[in-house]
Amino acid sequence: LYGVFRSSNMIGVFDGLSYIDLYTPNHAYNTLVIRSNGLILASNISTNAKLLSEYMRTSTTHLVGNEFLNHKMDVVWTQMHQETYAMAYAPLTDTVPLYYLTFFEKSTLVQNFGNIHLYFIAALFVVGVVFIISNFAIFYITHTKFSEIENSRLKVYYNKRIMLRITKTGRIKGFNLSFKTLVPEYKKYKHVNDFILDDTSFETTLVERIKKLYAFNIRLETGEDDLYIRLTPVKMGLSYVLIGENMTEEDTNLRAYESLALVSRVTNLPNYNYFMQFLNEQIKSEAFLNDKFTIIGINLLDFKNINKLIGETLANEVLKGFSKIILKSLTDVQHILFNTYIDNFFVVFKNSKNVEEVETWFEELLSNVEAQSELLGSNLHLELRAGIYDVKLIMGEQITAKQIYNRIMTALRYANTSSTLKCVRYDVTLRNLVSHQKKIERGLIESIEKNEFEIFLQPQLDIKRNKIVSFESLIRWSNPNFANIKPSEFIKLAEESNLIVKIGMIAMEETMKMAKALEAYDITIAMNVSPIQMIQKGFVSIVEEFINKYKIKPGTIAIEITETSMINSLQIMSEKLKSLQRSGIDIHLDDFGMGYSSLLYLKDLPINMIKIDKSFIDHITTDKYSKAIANMVVTLSKHIGVGVIAEGVETKAQVDQLRKIGVNIIQGYYISKAVPYQDALALLKKYNNE
2 LYGVFRSSNM
12 IGVFDGLSYI
22 DLYTPNHAYN
32 TLVIRSNGLI
42 LASNISTNAK
52 LLSEYMRTST
62 THLVGNEFLN
72 HKMDVVWTQM
82 HQETYAMAYA
92 PLTDTVPLYY
102 LTFFEKSTLV
112 QNFGNIHLYF
122 IAALFVVGVV
132 FIISNFAIFY
142 ITHTKFSEIE
152 NSRLKVYYNK
162 RIMLRITKTG
172 RIKGFNLSFK
182 TLVPEYKKYK
192 HVNDFILDDT
202 SFETTLVERI
212 KKLYAFNIRL
222 ETGEDDLYIR
232 LTPVKMGLSY
242 VLIGENMTEE
252 DTNLRAYESL
262 ALVSRVTNLP
272 NYNYFMQFLN
282 EQIKSEAFLN
292 DKFTIIGINL
302 LDFKNINKLI
312 GETLANEVLK
322 GFSKIILKSL
332 TDVQHILFNT
342 YIDNFFVVFK
352 NSKNVEEVET
362 WFEELLSNVE
372 AQSELLGSNL
382 HLELRAGIYD
392 VKLIMGEQIT
402 AKQIYNRIMT
412 ALRYANTSST
422 LKCVRYDVTL
432 RNLVSHQKKI
442 ERGLIESIEK
452 NEFEIFLQPQ
462 LDIKRNKIVS
472 FESLIRWSNP
482 NFANIKPSEF
492 IKLAEESNLI
502 VKIGMIAMEE
512 TMKMAKALEA
522 YDITIAMNVS
532 PIQMIQKGFV
542 SIVEEFINKY
552 KIKPGTIAIE
562 ITETSMINSL
572 QIMSEKLKSL
582 QRSGIDIHLD
592 DFGMGYSSLL
602 YLKDLPINMI
612 KIDKSFIDHI
622 TTDKYSKAIA
632 NMVVTLSKHI
642 GVGVIAEGVE
652 TKAQVDQLRK
662 IGVNIIQGYY
672 ISKAVPYQDA
682 LALLKKYNNE
């Protein structure tokens, strides 16, 4: 049992029984402390009873309870435990409904009848003593606590914690030593409104914010670096204390992080986050649609490959140099230049240029890049592509910053894939094209679920023996609604939407089935694998599962990879190819000579066969360079011990020329186009005399 008291803002606690026991008469049978509801809080003797009624087990209990409710003191006779007792009770305090009960055996009282009044007085005396002790304890504890508060105040005054004392109107009454040391010119601050708020977003006044005990940040100009302090209000009586923490270092770090989040690390130009923030602010502006507002997105074509070739350090210098060239070309126009991605630069032309003028500016930029190549820090020829979007086109249309960005990127991506256009506008035509592509994408998703894909086989002929030695498996889309869509078109869209992984799985399993069916003919089937599919986690395990499922013999399956897909992740690809090769799969390198890569990296790749690209075969009979490249590939393959396949062969003259330089295996329309399985089987029987 504890006694609790409060004085002003202080609360004290003391042991109640420690002094109640001192004044309990020795001849008392028991002493209880209870609540008005009869709940026993303390007892001098051990008892399992929780309520007074349980303890007494007599009808007198309710009478005593009524007296409690009236906050009275009295003595009653009661039968309890087969004995007669006198029960004296009285309220303990004026504030808390606690009561003090003392039980006396009748025999004891008779023996001390002469002193019964003395005992009663003693009980009252005990109550009085309780009040006296309580008051003394309150005084002592309050005095002690006030001393501690004063000591704490002095410690805080001389400690590092910043403190200000202000009135309820915001007038500053004093600063502690920490504030005075940190801010030598503290005397100039007379009112909280003299502070510069670091955050002005809240709508209420600063004084009202303090009254609500909301923390806030201030900026103090000290003559050198600004100080940033976070102040937390605490109410003290009729005034307030502002407890502060020096946040200068944290604020500096935060601003540095914000800078990293909004500025390109390499070019120091505003980045994608800044661009989106800018667009959102512009869209909210009432003058947004009234301004001439044209945006051009510029991409350094194949910059990833450039980065691989010359290294990150030199590639960063190229980016810095290119940004300088752009800025030089923008000196006479109102603009904002962003480096939204590593190799993407956006220019916002505001109130100055229309689309035609922006196109002209881009043509001039192309010339400037050629003329100022020394700024690039490397003797490289940069290919640029651009997408333009005129914001005026969206008048009357609700649009978001993300939609504007996506439309610029749509035009830019179309320019990147175009063989004729370097600069593309986003207009109705392009929007319809995008809509068409989305329709194709939805069709692909539906066809994946329905398995509406078919594998065609194109034969590869050994011209020395005039026998088919292998096939290349090529996927075809058998959905009649998309019969006019070329494989190259839907495969590209599938790669962009990441659907190629699921389509590739379908193609792989169908190819494995055909390879098993043709196992008796001792041929190889080469299947194309997208780099997107190949870099997926667990790709090697998936291929091995199919091999085990269909019991494919080693050398029956080959995987074709493109040279350009290797350069972006050579190490990862090389390890996966080696694992596949150990599982009995041949590796064919397709489109050799078309990428940026050097012949030197071939030593790190587990290649079984090199395919000469069709672009060289087309002119092998008329162009000395094509003939020389093909001859070089054949010579190289012999030295490193790999085979050669010439693809895209269409004429006998090409076959004769290839035979002269030592190519034995050809593929192309000269033999057959890609055909369904049954037609491929017929070709196999025809050439191999089965």
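According to my numbering, the sequence shown is numbered sequentially starting from 2.
For every residue, glycine included, the Cβ atom is placed at its ideal position computed from N, Cα and C.
Only residues of its own chain outside the window of five on either side were considered, and among them L165, Y187 have a CB closer than 6 Å to the CB of F176, listed in chain order. Residues of the same chain with a CB within less than 6 Å of the CB of I297, apart from the 5 flanking positions on each side, are V348, V359, A387, I389 in chain order.
Taken through DSSP and simplified to helix, strand or coil, G642 comes out as coil. In the three-state scheme derived from DSSP, where H, G and I count as helix and E and B as strand, D199 is classed as coil.
Ranked by Cα distance from N300, the first of P185, V643, E450, C424 is C424. Note that the segment 204 to 224 does not touch the segment 270 to 289; fewer than 3 beta-carbon pairs, one per stretch, sit closer than 8 Å. When secondary structure is reduced to three states using DSSP, D605 falls in the helix class. The segment 568 to 586 and the segment 618 to 633 do not touch, with fewer than 3 CB-CB distances between them shorter than 8 Å. When secondary structure is reduced to three states using DSSP, G298 falls in the strand class. Note that the segment 221 to 238 does not touch the segment 300 to 310; fewer than 3 beta-carbon pairs, one per stretch, sit closer than 8 Å.
Within a 10 Å sphere around the beta-carbon of G663 sit fewer than 16 other beta-carbons, which makes this residue exposed. Around E365, the same chain offers S330 as residues with beta carbons nearer than 7 Å, after the five sequence neighbours per side are excluded. Judged by beta-carbon spacing, V502 lies beyond the 9 Å limit of I548, meaning their Cβ atoms are not closer than that value.
Shown here, M11 sits in a strand according to DSSP, grouped into three states. Each of L682, A124, M81 was checked against the Cα of Q459, and the nearest Cα belongs to L682.
According to the DSSP assignment, I573 belongs to the alpha helix (DSSP H) that extends over 571 to 583. Relative to the Cα of Q658, the nearest Cα in the group V77, E55, R414, S627 belongs to S627. L500 and L445 do touch by the CB rule: their CB atoms are close to 5 Å apart, below 8 Å. Contact annotation, I449 with I504: C-beta distance approximately 6 Å; criterion of less than 8 Å satisfied. I464 is positioned such that its CB atom lies closer than 9 Å to that of I666. Contact annotation: V193 and T223 have beta-carbon atoms that are not nearer than 9 Å. One thing to note: K146 has its Cβ no nearer than 9 Å to the Cβ of M57.
In this structure the segment 405 to 419 does not lie against the segment 322 to 339, because fewer than three pairs of beta carbons, one per stretch, are closer than 8 Å. Across the set L214, F180, Y141, the C-alpha of L214 shows the shortest separation from the C-alpha of K169. With respect to the C-alpha of I524, the residue from I142, D587, I486, S498 having the closest C-alpha is D587.
With fewer than 16 other Cβ atoms inside 10 Å of its own Cβ, W78 counts as exposed. DSSP, reduced to helix, strand and coil, places Y187 within a helical segment of the structure shown. Apart from sequence neighbours up to five positions away, the residues of its chain that approach A50 with a beta-carbon distance below 7 Å are I41, Y56, ordered along the chain. Secondary structure at T622: coil, using DSSP grouped into helix, strand and coil. Annotation for H437: the continuous alpha helix (DSSP H) segment containing it runs 429 to 451. Rounded to the nearest angstrom, the gap between the Cα atoms of T249 and N218 is 11 Å. In this structure K517 does not touch I543 by the C-beta definition: roughly 17 Å separates them, more than the 8 Å allowed.
Taking C-beta separations shorter than 7 Å and ignoring five residues to either side along the sequence, the partners of I486 in its chain run I441, W478, following chain order. In the DSSP assignment, D587 is bridged to A559. Inter-residue distance for L603 and G556 is about 21 Å (C-alpha atoms, whole angstroms).
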